[in-house]
């Protein structure tokens, strides 16, 4: 087994930014960082169904052309 630690998850990174003042300043402050995380979650939630439809159509087309 490897003795290296795993990379922190996104939520842990966000907590580190909130806790550590030096990192908070590098990322533009706790408010900006939190707003960025929330914006990323919202955009991902809105685009996920659209991407699923496009990929489903592509798979459907690929299988129907094989007949």
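Residue numbers (our numbering): 254 to 320. Ideal Cβ positions, reconstructed from N, Cα and C, are used throughout, including at glycine.
Residue i classed as buried or exposed, judged by whether at least 16 other C-beta atoms fall within 10 angstroms
{"i": "residue 296", "result": "exposed"}
{"i": "residue 270", "result": "buried"}
Rounded C-alpha distance that separates residue i from residue j
{"i": "residue 277", "j": "residue 265", "result": "13 Å"}
{"i": "residue 312", "j": "residue 318", "result": "10 Å"}
{"i": "residue 309", "j": "residue 303", "result": "10 Å"}
{"i": "residue 263", "j": "residue 305", "result": "24 Å"}
{"i": "residue 289", "j": "residue 314", "result": "37 Å"}
{"i": "residue 275", "j": "residue 300", "result": "33 Å"}
Contacts around residue i, its chain only, beta-carbon distance under 7 Å, and the 5 residues preceding and following it disregarded
{"i": "residue 280", "result": "270, 286"}
{"i": "residue 268", "result": "none"}
Own chain partners of residue i with C-beta closer than 8 Å, once the 5 adjacent residues on each side are dropped
{"i": "residue 283", "result": "270, 271, 277"}
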